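First up is the structure itself, then whatever we jot down about it.
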Amino acid sequence: MAWFGVGRWLENFAFRTTIEPLVFPGAGLVVLLIATFTVSFRATRAAQTDPVRALRHE
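So in this note's numbering the end of the sequence shown lands on 42, straight run, no missing numbers.
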């Protein structure tokens, strides 16, 4: 659906270009990798902190 919409949008420009269907799975993979890295980093950091230090701020 996004590929169709972007293709229709690109038709309005004077200089024509095509968009490959592999762009969307590639972008999804990049987003998935960034999300996995972020969640892993935050979870590791939270697991290594001292619980007493976290309770002091509440």
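Beta carbons are placed, not taken as given, at the ideal position from N, Cα and C, and that holds for glycine.
Nothing here was measured: the structure is a model prediction, and the numbers come from that model.
Given this structure, state the Cα-to-Cα distance separating residue i from residue j, to the nearest angstrom.
i	j	result
residue 38	residue 24	19 Å
residue 5	residue 15	17 Å
residue -8	residue 11	20 Å
residue -3	residue -10	12 Å
residue 1	residue -14	16 Å
residue 3	residue 13	17 Å
Leaving aside the five residues before and after residue i along the sequence, list all residues of the same chain whose C-beta is less than 7 Å from its C-beta, in chain order.
i	result
residue 8	-14 and -13
May I ask which residues mark the beginning and end of the alpha helix (DSSP H) holding residue i?
i	result
residue 35	35 to 40
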